[in-house]
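Below is one structure, written out as structure tokens; the observations come after it.
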Amino acid sequence: MTVATLYGGLKDLTKTPQIKNQERAIVVGVGLKADPLIEIKENLLELEELVGAAGGEIVGSLIQILPAWNPATLIGTGKVQEIADMAREAQASVIVVDHQLTGVQTRNLEQVVQARVIDRNQLILDIFARRAQTFEGKLQVELAQLLDQMPRMVDAWMGSLSRQGGGIGTRGPGETALESDRRRIRERVSQIKKKLEQVRKNRSQYRQSRKRQEVPSFALIGYTNSGKSSLLNRLTGAQVLVKNQVFATLDPTTRKVFLPDGPPAVVTDTVGFIRKLPTQLIEAFKATLEESAEADVLLHVIDLSSPNMLRQIEVVENLIQEFNWQDKKILHIFNKVDIASVEKQFKVNHYPRVFISAHTGQGIETLKSTLVEMIQDLHTTVELYFPRNAEHKIYDLNREAKVIKRETATEGTVCSAQMTPALIAKWREYLVK
Ligand SMILES: Nc1nc2c(ncn2[C@@H]2O[C@H](COP(=O)(O)OP(=O)(O)OP(=O)(O)O)[C@@H](O)[C@H]2O)c(=O)[nH]1
Ligand SMILES: [Mg+2]
């Protein structure tokens, strides 16, 4: 037996799509008895959207609720047979399971259903692989795929060992091949990490220079398809791709925004969030998300028209906790008011907030003035004293901060200026206590 048949082999991950265009797919929703049925169903609907986004066509869908996971096949054997029958009748060539599968489970399922079996993580990674445009985006996806693949490989290989009557500790002919594949993956992983580190450094230098110029920054975050890119376009005149599709955006885009009576600011659009975001993706996208992490204010864009709005908010809020952003200023932007019922606005109690439509432009002026207020909140008014020999510094001060008052005092000048904590620290030698 060759190594490839033992554990599936090391595929060229970034070039082999999990789902081909228009491929016929069956989706399988799964849950434990304790899980609320509505959630399992919503997750399954989302999975169907994801399959669509990957180019597949849904030809069947079923749900199984279990008392406990089956380690060999995840779901019960009766259900597996049902899927096999359905796949044959509907001529489906790929089965997508709404749960993470181990390498062994995938193998076992594939043997019975006679079709390819992939899980939610692989599907999401697949979509990301299709969307990645930039050098950085591609590297991030490749890294996530490799990290996802490694345990599956080992697991599938272990599984085939035990089937042959061997066990952990038995050295077979495949093991050295497995080892060399793992080494290749590890080498590639560290190579990618190094490159990403470089990208991250460049980005952070750029951010630093922006910080020095004290440009306030906003980051659009939110569930996928909530309208972040549409809003970026509306606010900044950018022409970022907008699509009624999950994960239309992958790479971050930063644009200048001009606010009435406010300083110039920047807005960053980034990848959207989703339930059960693969952890490898979170890891891989750290650099992208760092842009949001460094923003002064987070703009949480919410699709007011979605029937799953509350749960989507919850997913994003959980991720905010996970990324440790909970202490940041957050503005809740309820988007798509043009297609949401008015009553829905009364159902939400998230503050501070604004209601808008990125499409019609409704509420955009209110949003802009709220943004200005939020920037002003970042600043405190302080007094500075410049003795005569340092008065030329006022010229720099004027460029870096909003000077609201300037008075001649004994032997110098006193200024009042609005400043962020970073600026206050920089100018501390002139601060009046
Ligand atoms: N009716 C209506 N549709 C909107 C509005 N804003 C965005 N959309 C639509 O919602 C869909 C998603 O919009 P995007 O701007 O791509 O959403 P996104 O949050 O950037 O999505 P991802 O990049 O996939 O995370 C598109 O079909 C938009 O046309 C709005 O105010 N009203
Ligand atoms: Mg987008």
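At position 420 of the sequence shown the residue is numbered 428 (our numbering), and the sequence of numbers has no breaks. We treat Cβ as the ideally placed atom computed from N, Cα and C, and that holds for glycine.
Cα-Cα separation between residue i and residue j, rounded to whole angstroms
i: Glu30; j: Met382; result: Note that residue 30 is Gln in the sequence shown here, rather than Glu. If you take the alpha carbons of Gln30 and Met382, they lie about 47 Å apart.
i: Leu151; j: Ala137; result: 11 Å
i: Gly86; j: Val102; result: 19 Å
i: Asn51; j: Arg283; result: 8 Å
i: Lys236; j: Leu228; result: 6 Å
i: Val223; j: Val105; result: 45 Å
i: Glu415; j: Cys423; result: 6 Å
i: Gly174; j: Gln108; result: Unreliable placement is indicated for Gly174, whose pLDDT of 49 sits below 50; the coordinate value is still reported in the next sentence. Using only the alpha carbons, I get a separation of about 26 Å.
i: Arg242; j: Ala366; result: 6 Å
i: Pro271; j: His387; result: 12 Å
i: Lys352; j: Val309; result: 16 Å
i: Ile402; j: Met427; result: 14 Å
i: Leu318; j: Asp43; result: 17 Å
i: Gly280; j: Leu392; result: 43 Å
i: Glu205; j: Ser212; result: 10 Å
i: Tyr438; j: Leu405; result: 11 Å
i: Arg190; j: Met158; result: 7 Å
i: Ala185; j: Asp127; result: 26 Å
i: Leu285; j: Pro429; result: 34 Å
Contact set for residue i: own chain, Cβ-Cβ below 8 Å, skip 5 residues either direction
i: Ile135; result: Leu58, Ala61, Ala62, Val254 and Phe255
i: Ala442; result: The requested residue 442 does not occur in the structure, where the chain is confined to residues 9 to 441.
i: Glu399; result: Gly420 and Thr421
i: Val362; result: Leu339, His340, Ile341, Phe342, Gly371, Thr374, Leu375 and Thr378
i: Leu154; result: Leu21, Ile193, Arg196, Val197 and Ile200
i: Leu131; result: Gln26, Ile27, Leu55, Leu58, Val59, Ala62 and Val104
i: Lys49; result: Gly37 and Ile71
Opposing strand residues paired with residue i [DSSP bridges]
i: Glu391; result: Ser424
i: Lys264; result: Val274
i: Thr416; result: Thr421
i: Ile364; result: In the DSSP output, where bridge partners are listed per residue, Ile364 has none listed.
i: Gly39; result: Ile73
i: Ile66; result: Ala33
i: Arg124; result: Val102
i: Asn337; result: The sequence given here places Lys at residue 337; Asn does not occur at that position. According to DSSP, Lys337 bridges with Val305.
i: Asn343; result: Asp311
i: Leu228; result: Leu307
i: Lys410; result: Gln426
i: Asn78; result: Leu82
i: Phe281; result: Tyr231
i: Leu439; result: Leu392
When the options are compared against residue i, the one with the closest alpha-carbon
i: Gly39; options: Trp77, Ile27, Leu53 and Val67; result: Trp77
i: Arg263; options: Gly270, Thr278 and Ala246; result: Ala246
i: Val67; options: Asn116, Arg96 and Ala185; result: Arg96
i: Lys203; options: Lys146, Trp333, Ala42 and Met94; result: Lys146
i: Glu322; options: Glu299, Thr296 and Val356; result: Val356
i: Ala417; options: Lys294, Leu405, Arg407 and Pro395; result: Pro395
i: Lys28; options: Leu45, Gly64, Leu53 and Lys49; result: Gly64
i: Pro315; options: Leu53, Tyr359 and Arg196; result: Leu53
i: Gly371; options: Ser300, Leu239, Gln329 and Thr296; result: Leu239
i: Ala273; options: Leu379, Glu291, Ser198 and Glu205; result: Leu379
i: Gly230; options: Glu325, Ile34, Ile48 and Gln426; result: Glu325
i: Leu312; options: Ala292, His358 and Phe331; result: His358
i: Gln141; options: Asp259, Ile290, Ala123 and Glu299; result: Asp259
i: Val305; options: Thr232, Met158, Leu74 and Gln384; result: Gln384
i: Val7; options: Val390, Gln113 and Lys401; result: Given a span of 9 to 441 for the chain in the structure shown, any question on residue 7 remains unanswerable.
i: Leu45; options: Phe354, Gln72 and Glu56; result: Gln72
i: Pro79; options: Ala100, Leu117, Arg32 and Leu70; result: Leu117
i: Glu47; options: Ser349, Gln320 and Tyr403; result: Gln320
i: Leu74; options: Lys41, Glu90, Leu133 and Thr81; result: Lys41
i: Val149; options: Ile364, Ile328, Gln157 and Leu133; result: Leu133
i: Asp156; options: Ala348, Ser217, Ala100 and Glu291; result: Glu291
i: Thr287; options: Ala123, Arg32, Asn129 and Arg124; result: Asn129
Beta-carbon contacts of residue i that lie in its chain and below 7 Å, excluding the five residues immediately before and after
i: Thr244; result: Arg263, Lys264, Val265 and Val275
i: Met9; result: With a pLDDT of 42 at Met9, under the threshold of 50, the modelled position of that residue is not reliable, and no figure is offered here.
i: Ala12; result: Confidence at Ala12 is low in this model, with a pLDDT of 43, below 50, so the placement of that residue should be treated as unreliable; the coordinate-derived value is given next. Around Ala12: no qualifying Cβ.
i: Thr368; result: Asp346
i: Leu267; result: Ala273, Lys376, Leu379 and Val380
i: Asp163; result: Thr110, Gly111 and Val112
i: Arg139; result: Phe255 and Leu258
i: Thr81; result: Val88, Gln113, Asn116 and Leu117
i: Phe331; result: Leu297 and Ala301
i: Trp333; result: Ala301 and Leu306
Sequence-distant residues of its chain with Cβ nearer than 6 Å to residue i (five each side left out)
i: Pro360; result: Leu339
i: Asp120; result: The question names Asp, but residue 120 in the sequence shown is Val. Taken in chain order, the residues that qualify are Val88 and Ala92.
i: Ala98; result: Val67 and Gly68
i: Glu144; result: Val207
i: Val250; result: Ser237 and Ser238
i: Arg215; result: Glu302
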